[in-house]
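What follows is a short report on a single structure.
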Amino acid sequence: MSAGEPVGSQSLDHNSAQQERKSALKTVEENQAKFQSSEILDNCMSGRVTLRSDTNPTLSKNKLLNLILSELSNATEERVLEYQAVDVGTAHSVAAELDRRAEHAPYRLGYDSLLQNLRVVIMPTKVHDSHVPWFENSLDQMLVSGFLTTQEKASLERYPGTTFKTFGPPYQESRKEPDYCVTPIGSRLPTLVFESGWSESRPQLHNDRDLWLRGGQGFVQVILIIKWTKNANKRVKGDIEVFDLDVAGNLRLLQHEIIFPAPAPAFAVSQQITITRHQLFGPNQPAGQNPAQVTHLYLNDLRVIAARNMGNDGYIPA
């Protein structure tokens with residue numbers, strides 16, 4: 001199967017035989033590898049700007065801060081800055097200064113204390129954030145369908161770019177501002193997280209995945225990763241991956257779906273991401289409710305939003 005062909009939904013079926021599940025996930029991973037191979041070629045042409053400190057891994061706090069502030073002042077489009085080998089003290093000091101001096105600037109900052117990577121996404125675009133109206137609209141559909149009550153929906157607070165710092169080992173000194181998340185009232189961390197990549201690479205997004213799931217202390221149930229890949233002709237591919245942890249604490253790919261190129265209409269209308277009540281509420285599951293009850297996020301709805309945002313920025317779907 002080529003990268004442009006649709007990848008079928010691989011929702012986890014708890015009632016199927018174990019061997020069938022392994023075979024299905026193996027197919028997903030093989031198709032994902034083919035898609036990523038094509039993505040590498042497109043990324044080489046995309047002009048994505050990623051600045052790293054590889055050649056000078058001991059940047060001082062002031063030097064690092066000045067580099068980021070300069071990029072914030074001069075940026076005219078989305079870009080990602082990543083600095084490696086940044087110690088905890090330096091990262092925290094830089095983050096505090098940015099909070100103070102660039103409070104209203106359009107950026108999202110993350111620090112992975114395990115990898116010692118400091119990353120700043122400057123000027124996230126509407127394409128980057130297309131999942132926000134998509135999920136908000138999906139919540140309304142959950143309400144209409146009876147999956148959620150009005151009170152339950154109100155208890156699921158949603159935040160784009162809010163800072164979280166209460167991660168568990170080995171990420172306890174980390175800081176992350178998700179692209180979007182669902183945080184039930186009373187929860188220290190989100191239960192459901194979106195991370196989107198327009199200028200960020202897939203490996204960077206997978207580092208975010210590891211931070212959220214492995215450092216999530218049992219609160220973070222599932223992460224949805226959306227990767228947009230543009231080429232020199234301003235055509236954009238997109239796909240979505242859904243991950244959680246299995247009972248042994250191992251990362252598990254639940255679904256991988258192609259957004260663009262859009263599949264044949266008959267298949268496109270059936271494409272959906274499966275979400276359970278447990279993934280939404282986590283340890284704060286309302287009493288008397290079935291945590292295994294499922295709802296769906298329809299990918300065609302995301303396509304419509306993303307295509308409109310791409311057009312506004314001069315891009316077209318692949």
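Residue numbering for the sequence shown follows the UniProt record's numbering, beginning at 1 and increasing consecutively. From the three backbone atoms N, C-alpha and C, an ideal C-beta is built for every residue, glycine too.
Pull the bridge partners of residue i from the DSSP assignment, please.
{"i": "Gly238", "result": "Trp228, Phe260"}
{"i": "Tyr111", "result": "Leu118, Arg175"}
{"i": "Glu157", "result": "Thr183"}
{"i": "Tyr298", "result": "Gln272"}
{"i": "Leu280", "result": "In the DSSP output, where bridge partners are listed per residue, Leu280 has none listed."}
{"i": "Asp244", "result": "Arg252"}
{"i": "Ile316", "result": "Arg235"}
Distance, Cα to Cα, residue i vs residue j?
{"i": "Gln279", "j": "Asp313", "result": "33 angstroms"}
{"i": "Tyr171", "j": "Glu152", "result": "31 angstroms"}
{"i": "Lys63", "j": "Asp179", "result": "27 angstroms"}
{"i": "Thr295", "j": "Leu65", "result": "44 angstroms"}
{"i": "Gln293", "j": "Ser60", "result": "51 angstroms"}
{"i": "Asn300", "j": "Lys234", "result": "21 angstroms"}
{"i": "Asn290", "j": "Thr274", "result": "15 angstroms"}
{"i": "Leu67", "j": "Tyr83", "result": "10 angstroms"}
{"i": "Gly146", "j": "Asp140", "result": "10 angstroms"}
{"i": "Cys181", "j": "Pro160", "result": "6 angstroms"}
{"i": "Gly238", "j": "Asn309", "result": "13 angstroms"}
{"i": "Thr166", "j": "Ala264", "result": "43 angstroms"}
{"i": "Arg119", "j": "Ile226", "result": "18 angstroms"}
{"i": "Ala95", "j": "Leu189", "result": "19 angstroms"}
{"i": "Pro184", "j": "Tyr315", "result": "36 angstroms"}
{"i": "Ala75", "j": "Met123", "result": "8 angstroms"}
{"i": "Leu192", "j": "Leu211", "result": "13 angstroms"}
{"i": "Leu41", "j": "Pro261", "result": "Confidence in Leu41 is poor, its pLDDT being 42 and thus under 50, which makes the residue's placement too unreliable to answer from."}
{"i": "Val138", "j": "Val144", "result": "First, the amino acid is wrong: residue 138 is Ser here, not Val. Going from the Cα of Ser138 to the Cα of Val144 covers about 10 angstroms."}
{"i": "Leu115", "j": "Gly168", "result": "15 angstroms"}
By a C-beta neighbour count over all protein chains shown, 10 Å radius and 16 as the cutoff for buried, is residue i buried or exposed?
{"i": "Gly89", "result": "exposed"}
{"i": "His128", "result": "buried"}
{"i": "Asn266", "result": "In the sequence as displayed, the identity of residue 266 is Ala instead of Asn. Its Cβ having fewer than 16 others within 10 Å, Ala266 is exposed."}
{"i": "Asn207", "result": "buried"}
{"i": "Asn231", "result": "buried"}
{"i": "Ala306", "result": "buried"}
{"i": "Val269", "result": "exposed"}
{"i": "Gly215", "result": "buried"}
{"i": "Glu103", "result": "exposed"}
{"i": "Glu257", "result": "buried"}
{"i": "Pro117", "result": "Before going further, note that residue 117 is Asn rather than Pro in the sequence given. Answer is buried; the Cβ neighbour count reaches 16."}
{"i": "Asp246", "result": "exposed"}
{"i": "Val304", "result": "exposed"}
{"i": "Arg202", "result": "buried"}
Taking residue i and residue j to be in contact with their CB atoms under 8 angstroms, please state how far apart those CB atoms are, rounded to whole angstroms.
{"i": "Gly110", "j": "Lys176", "result": "5 angstroms"}
{"i": "His131", "j": "Leu302", "result": "7 angstroms"}
{"i": "Val121", "j": "Tyr107", "result": "6 angstroms"}
{"i": "Leu213", "j": "Leu254", "result": "Not a contact, Cβ separation roughly 12 angstroms."}
{"i": "Glu195", "j": "Ile240", "result": "Their Cβ separation, rounded to whole angstroms, is 11 angstroms, which puts Glu195 and Ile240 out of contact at 8 angstroms."}
(request) Tell me the start and end of each unbroken alpha helix (DSSP H) in the region 160 to 232 that is at least 4 residues and wholly inside, in chain order. (result) 202 to 214
(message) Just to confirm the assignment: which complete alpha helix (DSSP H) runs, minimum length 4, are found wholly within the region 62 to 104?
(response) 88 to 101
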